[in-house]
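Read the structure below first, then the notes.
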Amino acid sequence: MKILVTGAAGFIGSSLSHVLLDRGDTVHGIDNLNNYYDVRLKEARLERLRQKRNFTFERLDIAHKEDMASLFARQQFDAVVHLAAQAGVRYSLENPHAYADANLTGFLTILEGCRHSKVGHLVFASSSSVYGSNEKLPFSEDDSVDHPVSLYAATKKANELMAHSYAHLFGLSCTGLRFFTVYGPWGRPDMALFKFTRGILAGERIPVYNRGEMVRDFTYVDDIVEGVARVVRQPAKPNPAFDPERPVASSSRAPYRIFNIGNNRPVKLMRYIEVLETALGRKAELELLPMQAGDVPASEADVSKLEAAVGFRPGTPVEVGIARFVEWYRSYYNVR
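Numbering of the sequence shown is given in our numbering, commencing with residue 1130 and proceeding in unit increments.
Pasting the structure below:
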């Protein structure tokens, strides 16, 4: 397949591109290489990809409609995996307009490009954050997600609604994937594992919100990309059993569906830190802080729909995933 991967210099986008290339697909990557975090890390990810056959890259901003229209006019993609976005719940409190530009306007350019060039399947990243103030665990794709607690979450919910409208109006096959707390090698420096590792190795106190009383469905990046890679080859189809009198959010009469991708093994944050301490061989000095605005106390994914559809469920334990991250971190930053 010829696949467009947006956000190809990002954590998940670069990891996915390797998997797609290794299985024989052609990947065209785009990314705007913004400075939300260290651009050198993004460039290092790209450099690894450039060493592989059948990978091409353009520096493009998905919010620039003329450039994106030109891309889709010049290329013919079998599928699009849309991972580019302004990430981060906390940053959405500081710079909300960045989320409107990237996550709303940018997503619209992707939908329009797919529509006009008749892309066979659009797979796009949603987020577990759409579950917002829900407290029933595990989170199911059929649960209501009408109470987001951050602007970031609201934009991801909006993406799901926008995709459904294009599936309904234009027959565009759309699959939305709600990722749960992704971690692993080549990860994002703004995420907890990266920050904790850097702080512990520097002998600094690490900030732990909600005084450590958090539970997360930490999901190893290799599990995420395996799920995505399998989904890409199975376009969404209309659900003939969909009942409009009892509608669910996960499917439709249109070629549209939603899947959770999570480890389905929630872990307490303090246990996560303990595993990291063991991998580093150092103790952490904790700064226990109150809950941050936009955060939720717990997450857990019901992945039964994903497993039924593609025969895969994530399963890497944090003991394995954190050890692999620490090995990568020490090597990349040359620290012991």
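Think of the CB as a built atom: it goes at the ideal place given N, C-alpha and C, for glycine as much as any other residue.
- Setting aside the 5 residues that flank it on each side, VAL1396 is surrounded in the same chain by PHE1347, VAL1447, each with a C-beta closer than 6 Å to its C-beta; the list follows chain order.
- By the C-beta density criterion, ALA1437 is exposed, having fewer than 16 other C-beta atoms within 10 angstroms.
- The three-state secondary structure of PHE1253, taken from DSSP, is strand.
- Secondary structure note for ALA1208: its beta strand (DSSP E) is the uninterrupted segment 1208 to 1211.
- According to the DSSP assignment, HIS1193 belongs to no beta strand (DSSP E), since it is labelled neither H nor E.
- The three-state secondary structure of PRO1336, taken from DSSP, is strand.
- Inclusion of THR1304 and ALA1358 in the CB contact set at 8 Å is not warranted, their separation being larger than that value.
- Straight across, the Cα-Cα distance linking ASN1224 with PRO1367 is about 38 Å.
- Under the three-state reduction of DSSP, THR1407 is assigned to helix.
- A residue is called buried when at least 16 other Cβ atoms come within 10 angstroms of its Cβ; THR1407 does not meet this threshold and is exposed.
- In this structure, the alpha-carbon of LYS1247 lies about 26 Å from that of SER1144.
- Residue state for VAL1425 is assigned as coil, using DSSP reduced to three classes.
- Beta-bridge partners of LYS1397 (DSSP): VAL1344.
- In this structure SER1257 touches SER1428 by the C-beta definition: roughly 5 Å separates them, less than 8 Å.
- By DSSP's assignment, HIS1245 forms no beta bridge with any residue.
- Distances from the CA of LEU1212 to each of GLU1333, LEU1133, ASN1263, ALA1202 were compared; the closest alpha carbon is that of LEU1133.
- Per DSSP, LYS1131 is one residue of the beta strand (DSSP E) stretching across 1131 to 1135.
- The C-alpha of ALA1227 lies about 25 Å from the C-alpha of ARG1244.
- Note that the stretch 1313 to 1322 touches the stretch 1161 to 1168; at least 3 beta-carbon pairs, one per stretch, sit closer than 8 Å.
- Of ARG1382, PHE1454, GLN1363, LEU1435, the smallest CA-CA separation from PRO1369 is found for ARG1382.
- Membership of HIS1226 in the alpha helix (DSSP H) is indicated by the continuous run 1225 to 1228.
- It is roughly 20 Å from the alpha-carbon of GLY1356 to the alpha-carbon of ASN1288.
- By the CB criterion at 8 Å, SER1302 and LEU1251 fall inside the cutoff.
- At a cut-off of 4 residues, the continuous stretches assigned as alpha helix (DSSP H) that sit fully inside the stretch 1257 to 1304 are 1280 to 1299.
- With respect to VAL1432, ARG1442 sits close: the two C-beta atoms are nearer than 8 Å.
- With contacts defined as CB atoms closer than 8 Å, ALA1208 and MET1130 qualify as a contacting pair.
- ALA1216 has its alpha-carbon roughly 18 Å from the corresponding atom of GLY1391.
- Taking a C-beta distance under 8 Å as the contact criterion, ALA1214 and LYS1171 do not qualify as a contact pair.
- Selection VAL1449, LYS1181, ASP1351 evaluated against TYR1401 yields VAL1449 as nearest (Cα-Cα).
- Bounds of any beta strand (DSSP E) do not take in ARG1382, whose DSSP letter is neither H nor E.
- In this structure, the beta-carbon distance from VAL1350 to SER1279 does not fall below 8 Å.
- For TYR1166, the secondary structure class from DSSP, reduced to helix, strand or coil, is coil.
- Between the alpha carbons of LYS1434 and ASN1232 lies a gap of roughly 26 Å.
- The distance from the Cβ of LEU1306 to that of SER1255 is about 6 Å, consistent with a contact at the 8 Å cut-off.
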